[in-house]
Structure formats: structure tokens, C-alpha cells
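Okay, so here's the structure we're looking at.
Number of protein chains: 2
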Amino acid sequence: MQLRLVTALVLSFAVIVQAAPPPDDQPLRRSALLGFDTTSTATERALEARFDATLNPGDLRAWLKRLSARPHHLGSAYGKENADFIAAQFRAWGFDTQIEEFSVLFPTPKTRVLELTGPEKFTARLSEPALSEDATSNQAAEQLPTYNAYSVDGDVTAPLVYVNYGVPSDYEELAQRGIDVKDKIVIARYGGSWRGIKPKVAAEHGAVGCLIYSDPRNDGYYQGDVYPKGAWRNDMGAQRGSVADMPLYPGDPLTPGVGATAGAKRLDLKNAPTLTKIPVLPISYGDAQPLLRALAGPLAPESWRGVLPLTYHLGPGPATVHLKLEFNWDRVPARDVIAKLRGAERPDEWVIRGNHHDAWVNGADDPLSGQVAMMAEARGIGELAKTGWKPKRTIVYCAWDGEEPGLIGSTEWVETHADLLSKNAVLYINSDTNERGFLNIGGSHTIEKFINEVARDVTDPEKKISVWERARAQQIVFGNAEARREARDRADLRIDALGSGSDFTPFLQHIGVATLNIGYGGEGQTGGVYHSIYDSFDHYTRFGDPDFAYGIALAQTGGHAVLRFANADVLPYAFTNFADSVGQYVREVGKLADNMREESMEKNRRINDNTFNAVSDPTETYVVPKADGPVPYLNFAPLQNALANLQKSAERYDAKVPSRAATPQMQQALDEALKQTERAMLRDEGLPRRPWFKHQIYAPGFYTGYGVKTLPAVREAIEQRNWPEAEQQIKLVAETITRIAVAIDHATAQVR
Amino acid sequence: MQLRLVTALVLSFAVIVQAAPPPDDQPLRRSALLGFDTTSTATERALEARFDATLNPGDLRAWLKRLSARPHHLGSAYGKENADFIAAQFRAWGFDTQIEEFSVLFPTPKTRVLELTGPEKFTARLSEPALSEDATSNQAAEQLPTYNAYSVDGDVTAPLVYVNYGVPSDYEELAQRGIDVKDKIVIARYGGSWRGIKPKVAAEHGAVGCLIYSDPRNDGYYQGDVYPKGAWRNDMGAQRGSVADMPLYPGDPLTPGVGATAGAKRLDLKNAPTLTKIPVLPISYGDAQPLLRALAGPLAPESWRGVLPLTYHLGPGPATVHLKLEFNWDRVPARDVIAKLRGAERPDEWVIRGNHHDAWVNGADDPLSGQVAMMAEARGIGELAKTGWKPKRTIVYCAWDGEEPGLIGSTEWVETHADLLSKNAVLYINSDTNERGFLNIGGSHTIEKFINEVARDVTDPEKKISVWERARAQQIVFGNAEARREARDRADLRIDALGSGSDFTPFLQHIGVATLNIGYGGEGQTGGVYHSIYDSFDHYTRFGDPDFAYGIALAQTGGHAVLRFANADVLPYAFTNFADSVGQYVREVGKLADNMREESMEKNRRINDNTFNAVSDPTETYVVPKADGPVPYLNFAPLQNALANLQKSAERYDAKVPSRAATPQMQQALDEALKQTERAMLRDEGLPRRPWFKHQIYAPGFYTGYGVKTLPAVREAIEQRNWPEAEQQIKLVAETITRIAVAIDHATAQVR
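Chains as they are written, first to last, in this note's numbering: chain A, 200 to 951; chain B, 200 to 951.
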């Protein structure tokens, strides 16, 4: 359900650095792959070539057409049909396949009313019309209406306030203009944060209701011609989506931390902490326009304004809005398809690959574009297995249900099998949407070097250069000076740290499995139908990846990664890249505190010098902000010392690893030691106030949702000006990093 | 006619520097004023207090109402009435007043046709409707229609191309997308450059016609509620304005360099080089919308898009446009009102103060808001004179005609009296529009210290702090880190260098008179009626400066400056601030060349490495740019050495000047020497290819129009990659700076 925003192609020459010539990636291809020796490398490459020969874009097209033929959300009839279909395919390809069911809370709308009651009357349409150009858009009987899942029921009437993206800093801007949202209904635009943050922050500020609309600036005609003429969101398109407080915990709201099996202990609905505190509803810009037009009050700050043909005011009122929402608070079955191919040598080391199968509606792009690529991988690997080849490690393919409402299928499966997975899982590779364009990689930096090797060996279907080379060119052209320098000078492309937004979260952040999230995009134009009825086969084959060439590229990327990880002599982890990224995060949190100190000093100086008052316009309300408390100098030394140790440990392992462990037993012992390096990144207590999130390096931000916070316990304590907690968490994170270094040293000791 | 764009009030804490506490400006008030000793300072301050007591906002309101009652453009009946009225006032206040007439080319529309001929039909309305809320908006018989003066006649039909702001870099973006404008009609939006640049650059690229429209993003509902509900431009408002190639020379297009007197030698119309090469017409966003909506072709780059409710495409076509323009190519009288108050001691030293009186239509803000403040000054000074006080130097008040079409009244007067002015003028102070807000100062840095002193003594009517303090706070809050540091640490606020856009240009850039341009703004909202029929008394008294408090502030600022300059014992020039700014410009041109070198190397590297091709989308046209030629290292040493000398000369003068010259004769000799420091900034040959512009420190940019280029001969040679010229001009500008230093040394030698 992750939305990748399209970056406009701005060819900017603004900031330039001089850099060395690009590293030649050819020697890497000739030498041994990470985790292999030269002999096993040759075998692996030959196997991958055979795998590639199995891939056929016609398969992807046929599966996409089949799976997107009807709406298939969690708990739907066609969702069940799809799970059964996928399971049958996996079985036919030789996988040991089951459908695992969970029973999970999934509210669907019973009543949705949104009216402008004054100064004029207007009743919002709240529906996306069928289009003759889109064959599946007329399946109204099976479509979920536009709504935000896990909004509470509510019936409120109140003046409206426009809150921009509805993130905390937006409320500071409002306060400077003398506006509060207590007992008001807020209208926020999509963007700037994960949607669930908007009602959460609104409720923290006392609002009684929340509307979220798609402004055409972010998601509509400003981005391109609208559907069906072009790819982008039309004036009646609305973005469904979950608003459960997933930064607290994902999965079924009633079963935090445990699998939602039939007999699981469940919270009462009224005690479920991840439901919203206020009713919330997503609307189209067609429905938002009369509401926004009826606002008076101060002009919105320039960066808040969208491109509707009106002047953006903040309110409150005179627009008064009536919002009434009632839901069916049902439990429905979530059906995960789990397909295993047992490893011949190390069956208890699991390489797991997943992509969800549920959608908000027909979901051709989200999630089926990734699902069909994953199916192609599984079919290819099944074909190889039918010829007698067996993977060294066990391969597990997973088609998740219930990702859209809240990563439910993956989370409940991980929670149910936490002990086994913690023991066995060596890798989780996720995908979700996939379109024409550039390879995007997020993940654990312990496998950054590994996935760079994989990317160097996949050919971009449009450019006939490696997808690695193309991603590198993208960084050079669109990145800032630092990104450009790195892209040219660093041996490997730096992968993104993972926040949340897809099924990798439970693997990475709850049980500490090395994780990758992969996909192509940036050229295909599917953002404008995200979570709408128009995310259809017709749309995808016009605007997503018409010939499925990038579906094949994703199957190659995922398939090679799975095969290499499953077949490697030793697990292809490497640690200097990881230490390099952790070093970056340590510098960032230090800089964050320094910047906050300087900003607070500057702000307080302006307050004391009367500078704010001197520039304010007396014809407008201006409330001077409250002075900040001082930002103390924090003791970062524990983190810095732990980092220094980590760097040394990482260098020792990476320098030694080419010699490899000699015997299969020694290799397996090394594998076991390597697995523990990942587990060492967790703390059982989890993050402050959200124990479900145990990873100490990566987490979704408590106030960003999808957006990652690295070293989250430290970073968020600083951001929230909680200095005692910052000092405490610096020590705890330093301990964690030290444990990681010790685990690496233990692995190094296994290498002969 | 200068348009100050409103800066949105974004309270940004992004970039912070630590800085020393603010300098205390009180000591300056207690000590002697620049150019005065302590005794004469006391006298001067007492005089200024008496002057302030003469100022009355009721006068300003009455004059504004009277002068804006009917349209009063160059050559109009009411323009003549206004000139006569202003002259009568000056006479009544005791000034020796004349109306000087020139005969100047001023085309007015005979035919204006703009049609979309395909794919649909649409005929542009090309007129601004009368509004019942605006009493003078219905004077259609006297209003100039919406047009751009000095467009050539033309009758063209061609496909349309959207060119963003229509500046040179925009055509590079088009070329990258495979689009050229040869034989096309371009549509550009207002903003990003002076309007006259748009048809000039379009014609250079082969376009056959040019439309300029006001996008609501820059100038319409995006900025605020539109007139008459709010202050901003409505969908039928259009911006008139001159498109003569004023960066070549301003004034009457037929009499470059000489006064347009009755018997002046004139160019044939067909040889006038400042007329456009192609027909050009300004239109409203209401008229632009059907044209833009009918464009196909590539999506416009994100930074090019406005906020009309449509998707911005580039074309060419399928929109095809018919543009037909015919003008009455008449000569009309331009009437300058020139009012003198003879100096008692040094009558041949002239302190000149000007503001234009002509408007595009009723012109309440532009230019009358400045004009009525200037009239209040003149009346106050006249009152002082009636009590027996006489200025030491001659004071000249000027109400210019024909500024809007091209600084005509001021330019022709300066050209006519160039020898006398070159001998006598010691200062020119200009104003134009004026609204609520912050003091803006542009001008010669030799009088930066002087005008800072003046600004410290004027009280802001809203905040009851000095206008200097408020301008300083504005820099602290809205400036970048460097501006903030300077505002806190530098003794004086740095004033802006002057490009063009109002009547200061001939004084400063043609004959080398120390110049200031002053005005208040930033809170008043008049930008949305700029050059429209709605720039009216009704609008101004709602949105500009309703109680004329800032009119009084401008009268105080201008009046004190005039009185101090006229009464000073010695001319209050100072040179270290000037040397400081020249030093900044020298560093900038060096950095410009360095940046261009790095940008060219980066660009060429991307071309050679195939990086651009690697990221382009094969479904869209992408033309790899041509490689840049190398940027050589230039010898900036002559400039740097000349600057070092200038700095020393400046320090010597400023250190010595407090002792003053002793006798009146010696004071006068020093004045004469100081005057020559300004004249030394000129070169007779002028700038390359535009000899009218003789100033070597400040000029309007050849491709920016209003925007200043400092050290223009060097800067523009570099920008245009003309390396031999850059090397040559570095030497010539260095010679000029050396001459300035010698002139300063000569002045220093006069000081005892």
C-alpha cells in the first residue's frame, strides 16, 4: 500500500561537486559473488540464467488480468478466490502450499454522510463514477466505498479549519495566527505524512472530526491529465486507506503482539488503542472544493496552498460541516498463502519472499503488479526444482492478505510463528507496487552489498544497461550534491532505511530479520489511481508497465536475490556498509540536537528582541510563539564509542570473509552467527511507549507513519525535547550497537 | 511602474547563525549627522521637526482622490490637467515651477484581436469590466485598453507554445524536450523577468508573436481573494506595460541619447531599435485559460505550472492562435513638472527629487501614492521657506510624465540637460508606489550610510519603532543566514543595488548622479491591480495605505533626506560602505565564473558518461543538451588590485571626514570633489553594445530588464560566455574603479 510519489524530472545543475571517475563494476562480475566461492559463483550464475529463461511477460499479464478482474479486499469473495488461485498455482509449481487463516477486525462503512450545512448547503458525493474506458470500474456491488479503515464511528457538526498536511508543525502555524481546532472539524490534504498521522494529531489538538482530501496539486490535474484522458486522479477520485495508529503497532487492532488465531485473546473493541479517536473520511477534490471555498479567516501560508481555483483560507468557518460515519465492526478471515520449497542442506534457514494479494478495490498496481512478478519468480524456481535442482536453504513464498488495512496478514503470521521465524528466518524480501522506471531498494544495510551485486546483474529493459547503473544515474541527475558524490565515489549505492508502509515491517522491526523492499518506478504513472477504483488492469496496461518489462525486471531482481541467498555457501551479509550507515545516523542525531539548539536560541532571541512583533502586520492576528526551553548538550559519547567498535568489528569481518568457512558444518555455524547479528539489533523492551517495535536502528516515525526514523529511540526523544529520555536512550542504543559488534565478532570467529 | 512582489510571511527558522547583540543605534542620534557638525546637526534636527509638523494625511488623501479621478496616461487630457494641477501647487508653495514639454512616440491600440482558431474557437475578451465597487472603473472612454506599448503591428496565425516566464533558460528546457518556437506564437506568464524580456527572447528564438498572461499563481486567486472581494487580480484583470527594449536605452524610442525636443533629430520609426520585433499582447487569466487548455504535447516541468484548473502542457498546438495588432503610432506631448527652490549658499549644487505622475489608467498606487507623498514634502519645504529659511543647495522637485511607457519624461529631461545636470546634480531621490509595510531602499552605496541615518530617525506608524529597526527586523526574520548576520552585525543596513524600472535610471546610469529609490511596502496589497483599471482610489484606500500613514512616513523619509542633503556642511557621502559592496560584487563575478566552470564540467561529464540518456524516459522526447565549451580561468587580478586600492582610499576618506573642511569655500571645493567620485563611475563608451548605459557598477540586466547586474560589463560577458570580452572588461572596470579611488583621494585631499 506504499505510495511512491513521482519526482518531477528537473534537470538541475545547481550544486556540483567534482568527483573521481565512476567505479568500474565489471571486476565484481568476474570475481566471486558475496557468499560464494568462484566455483559456486559459476554454478549460481548458470542457474540464474536458466531461471531468467523461464520468465514470460505473457504470464504476468494473464495473472494480472485474472487477479484484478473483481474487487478483492480483505474478507471479500474474490479475495478468497484469489488466495485459492494463487495457492493452486504455487502447488502446481511444486511448492508445499497452505492457506493460513486469521480472524481479524475489519470495519466497513454502514453510513457515510458529509454535508456543508452553512453558509451554503452541499452534500458530498463520496463516490467514484464508473467510466466506459475502464472495464472494471462499474463493479459497484463489490467495491468498498471510499473510507478510511479504523476510523471510529461518529456524528459531529462543527466549523471547519484547513490544517494543510495536518502534521504537528502545521498546528504551530495555526497557533501563530490565533487559530485552534478544539471542537472543530479539520480538513487536511493528503501528503506530507502518512494519512493516519492526520486524525491522530488532529485529535491531540482537540478536533472532533477529520476530512482528508486529495488536492490536485499533489494528486490531480496539476500532475498530469486526469483519468481517463491521462493517468492522474480526477475530481471524483478519492484515496481509501487505513488510519489505524500503525506506528504503535500494525496488524489486527485487537491482537497486538499475538497471532489473530481463532482462540487468541482479544482486546475489547472499545479498548483497541490503534483505532482513531475521532471520525475521519477521505474525499475527492470535487467534494472538497465547496468546503474549502466556504472558508474565511486568514489566508493560508503560501506553502499550504493547493491549486484548486479558489483562495485557500484557514477558517475556522464560516463553513460548517456535518460528518456522520458508522461502520460494521466485523471480524473477517485473512488468508495468507504460504508456499515452501524445502532446502536440501540447511532446511532450517528460511529465505522468505512476500507480496500482498489484497487490494482496496481491483488493485492492479497495488499490489498485483508486484504479486504477479513474485509469482513468475516462484514459477521459475519451481521449474528449476522440477529439473532436480534444490536450494541449499528453504525458500518460502508468501502472498499476504489484509496488508491494506494494516499489514494484517504478514503481521499476524509473524506474530503467530515468531519463535520459529526468529530461529529460522535469514532474509525477508518484500515487494508491492511495480511500474516502469528505476529500481528502488530499501532495507537492512547488512545486505546492502548483496543487493547491489544483484542489481548489477539485471538489465534495464528500456536502456540495456544494468538497473544498478540506471539507479546510479538517477542519483547523479536528481540527487543533491552529497548523493551525487556518493553515487560516483562509493562502491555501492546506498539503499534507503525502511520505515513502514508494507509487509516488511513485522519481519524487520518486530523480529529482526534482515529485510529488503524492492520495486521499480518513477516512469509509470499509477500514483493518481492509488487506492481508487481506477487502479485497474485497463489503467495499469496504459500507464503502469504496458508490456510487463519491468514486471520481468522485478522477477529477475527478486528471483536472483532469493536464489543467491538460498544457495550461498555462507549468508552474504557484510558489515562495513552497515557501519557506514549507522555512522551517518549517529552524526545526524548529533546534528539534530545542535540544529534544534541553534533554532531555539534564534527563536528566543527574536522573541526577546521583539523582532517577531516588529515584522507582524497589525491588521492580522499574530501570536508570538512561546519561548523554547534550552536544548542541553547531550552526551553522545556512548553512541560514538559504540560506533567506533562497530566499525572495527565490521572491518574485521568483511576483511576476513572472502576466505570463507571451510566445511558445511562450519558454514552453517557461521550462518547461525550471522543470523544473530540481526537479532542483536532488537531490544525486548522495544521503543519507548511502543514495545511492539523492537528494532533499534530502523522504525516508522511516531509522527510520520511511513517515513523512517533511524536510531528512533534517540531521534524521537530529541525531536520531542524529552532530554532525560534522550540521554537514557543514547546509552541503551549504544548498548545495542555494542551487542551487534559483539555478534559480528562472534561471526568473525567462525571464519577460517 | 516598478512592481514589488509580495513576499509571503514564512516564519522560517531553517538556517540560523549565532551573532553578536544588535548594535545600539542611539549614539548615532546623539552625535553629529554625516555632513554636519554638532551645531549644524542640532539646527537640522530642529528644522526636520518643523517640517514633520507640516505633514497632514488629509492632504495626501485629497490629492490622491483628485489626481486619480480620471485616467491620466501619457498624452491624455487628464494627464495634462494633472500636470497643470501639480505645477500650480508647487507654485503656490513657493517653487519656481515650469512644465517642460517633449514630443515623444507613444503608440496606442487601433486593433486588438486574439482568437483561438483551433481545435476550438474562442475570442479573447481583452477588457477589464467595470465594477460597482470601484467608482472609477467605468471610465471606458478614457481608459487605455489592455496592451503592451511599443509592440510592433502584426497579424499572425500560428500554433501556440507555452514558454513559462520566457527567459533564456526556459528555451533550453524546451529544446531538451525537442520543442522550438520558430514560426510559433508563444504564451508566457508574467513574472521571472521584466515583461519586455519575453518578446525579445521569443523573437531571438524565431517566434512570430507573444502573449503574456497573469497566472493566478503569481497574480490572482492563489495570492488572495480577488477584486472586489479582496485585493488581488480577478480573472479579467490584465497587466498593461511597456515592452520597449529599455535595457538598450530608455526614453523616447526615436531620440536615443538626446532630448525629444521639438527640433530633435529623430530616428525613422522603422529604424527604432527598442521596438519589439514581434507583436505582443498582455491578457488576463480568464482569456488565457481556453488557450492553455487547448495545448497538448509534453507536460510542463513542475516549476513552470500555474494554478489554473487544467494540466499545463507545452504544445506546440494543437491550439492555434490568431493575433492581430495595429497601433496609432502618434507623437504626444510629455509634460514634466519641474519646481526649483534656489539654494542660498551653493545654488549650483542640485538636490533632485522625483516621482512620475502619469499612470497606465487611474494609477492611485502607481504612481500617485508616491506622488502625493512627494507633494507633501514639497509643501512642507515650501512652508519652511516661507518662514525665511533657505536651503544651502538648490532643491528641485520633479513630477515626471511618461514613466510608464519607458521612463520618458525623466530620460528626455536628463538627456536635454545632461551637461548642466552633470555639473550640478549631487543627488537624485526617486519614489514611485508606496504602501503599508517596510522601508525599501535601493541606491548608490556612497550614500548608504546617509540614508541609514535618515531611516533611523523616521518612526514606523504601526510599530512606533524606527523604520530602520523594522527593516532590520524584516531582514532578520525573512532573510537568509547571511542577510540575518549582516542585519545584526553590520552598522548599516545594506541597500539594494539599482537595476531599472523607475525614473532613477537616467540619473544614475546615464549621467552618474548618486541616487536613491525609496518606498514602503510589503503589507499593502496593490500588486494585484498593477497596471490595471482597478488601481484606483477605492482600491488603494482599502488595500494600499488606508489612512495614508505610510504616505506620511515616505514624506518624512524623502523630506528629511532632501533637507539634509540640501543643508549639509559638506555632501554626506561615505565610501567604506561603497567599497564593501563593490568587494561583494567582485567576489560574486569570480564565483560566477567558478560556478559556471563546475556546472559545465558536470554537464559535459553527464553527456560523456551517458548519464542523461540513462535517466530519460523513452516514451518521451528527450534531446541531450550540447556540450558546453570550457570555462577558462579569468584573470581577476586587475579587479582585485583596483578593489584593494578603493578600500584604502575609502577608509582614508571616511576616517578623515569628521574633521570637515573649515571654510565655506573649502567645503564647496570638497563638494565638487565628491561629486566627481560619482561621475568617475561612468565610462563614456558605456557598456558593450549599449552605450547609453555608462555606469560601470550598476545596470539593468540585458536579459532581466528591471533586475540589476552589478559590474555589468564583466558579469554579463561571463554569463554570455564571451571570454575575450570578459577579460577585456575586467581591465576596463578595474580602470574605472581605480579612477573612483583617485577621485576619492582627491576629495580626501580637500579635507582639513
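Note that the Cβ used here is the ideal one computed from N, Cα and C, for glycine as well.
These figures come from a predicted structure and were not determined experimentally.
How is residue i classed by DSSP in three states: helix, strand or coil?
{"i": "A:P306", "result": "strand"}
{"i": "A:V907", "result": "strand"}
{"i": "A:I537", "result": "strand"}
{"i": "B:E668", "result": "helix"}
{"i": "A:S441", "result": "strand"}
{"i": "B:N794", "result": "helix"}
{"i": "B:Q708", "result": "helix"}
{"i": "B:R228", "result": "Reliability of the predicted coordinates at B:R228 is poor, the pLDDT of 47 falling under 50, and the value obtained from them is presented with this limitation in mind. Helix."}
{"i": "B:L474", "result": "coil"}
{"i": "B:R530", "result": "strand"}
{"i": "B:P222", "result": "Legend: pLDDT at B:P222 = 42, less than 50; position of this residue unreliable, value from coordinates given subsequently. B:P222: coil per DSSP, three-state reduction."}
{"i": "B:W922", "result": "helix"}
{"i": "A:V550", "result": "strand"}
{"i": "B:G278", "result": "helix"}
Going along the chain, which residues of its own chain have a beta-carbon closer than 6 Å to the beta-carbon of residue i, five neighbours each way excluded?
{"i": "A:I607", "result": "V303, G450, D451, A533 and G601"}
{"i": "B:N433", "result": "V425 and Y426"}
{"i": "A:T253", "result": "G579 and E582"}
{"i": "A:A754", "result": "L254, A572, A575 and E576"}
State buried or exposed for residue i, treating a residue as buried only when at least 16 other CB atoms are found within 10 Å of its CB.
{"i": "B:P318", "result": "exposed"}
{"i": "B:S230", "result": "exposed"}
{"i": "B:V676", "result": "buried"}
{"i": "A:P863", "result": "exposed"}
{"i": "A:Q375", "result": "buried"}
Measuring CA to CA, which of the options is closest to residue i?
{"i": "B:A196", "options": "B:A543, B:G562, B:N633 and B:S780", "result": "What the structure shows of chain B is the stretch from 200 to 951, and residue 196 of chain B is not part of that stretch, so it cannot be assessed."}
{"i": "B:I732", "options": "B:S230, B:T316, B:S441 and B:E327", "result": "B:E327"}
{"i": "A:A752", "options": "A:K476, A:I717 and A:Y349", "result": "A:I717"}
{"i": "A:L498", "options": "A:G429, A:V360, A:A463 and A:Y627", "result": "A:V360"}
{"i": "B:G721", "options": "B:Q674, B:T704, B:H759 and B:T714", "result": "B:Q674"}
{"i": "A:D737", "options": "A:S275, A:L509 and A:N561", "result": "A:N561"}
{"i": "A:S621", "options": "A:N281, A:K469 and A:A713", "result": "A:A713"}
Taking 7 Å as the line, does the beta carbon of residue i fall inside it for any heavy atom of the ligand ATP?
{"i": "A:Q438", "result": "Annotation note on the ligand ATP: not contained in the displayed structure, which lists no ligands."}
Please list, in chain order, the chain B residues whose beta carbon lies closer than 7 Å to that of residue i.
{"i": "A:K662", "result": "A813"}
{"i": "A:P817", "result": "E661"}
{"i": "A:L498", "result": "G423"}
Cutting at 8 Å between CB atoms, please list the residues of its own chain near residue i, excluding the five before and the five after it.
{"i": "A:D691", "result": "E647, K648, N651 and N776"}
Could you name the residues of the same chain whose beta carbon sits closer than 7 Å to that of residue i, not counting the 5 residues immediately before and after it, in chain order?
{"i": "B:A792", "result": "V830, L833 and I917"}
{"i": "B:G526", "result": "The identity of residue 526 of chain B in the sequence shown is Phe, whereas the question assumes Gly. These residues qualify, in order along the chain: P306, T307, P308, K309 and D352."}
Starting from the beta carbon of residue i, find every residue of chain A whose beta carbon is closer than 7 Å, and list them in chain order.
{"i": "B:L359", "result": "Here the premise fails: no neighbours, minimum Cβ distance about 17 Å."}
{"i": "B:Y421", "result": "R504"}
{"i": "B:T810", "result": "A672, I675 and V676"}
Using a Cβ cut-off of 8 Å, pull out every chain B residue sitting near residue i, in sequence order please.
{"i": "A:A437", "result": "Within 8 Å Cβ-Cβ: nothing; A:A437 doesn't reach chain B, min ~18 Å."}
{"i": "A:P508", "result": "P415, Y420, V506, L507 and P508"}
Using a Cβ cut-off of 8 Å, pull out every chain A residue sitting near residue i, in sequence order please.
{"i": "B:R805", "result": "I675 and V676"}
{"i": "B:E668", "result": "A813"}
{"i": "B:E722", "result": "D816 and T818"}
Just the chain B side, please: which residues come within less than 9 Å of residue i by C-beta, in chain order?
{"i": "A:T756", "result": "Result: empty, since nearest Cβ-Cβ is about 18 Å, beyond 9 Å."}
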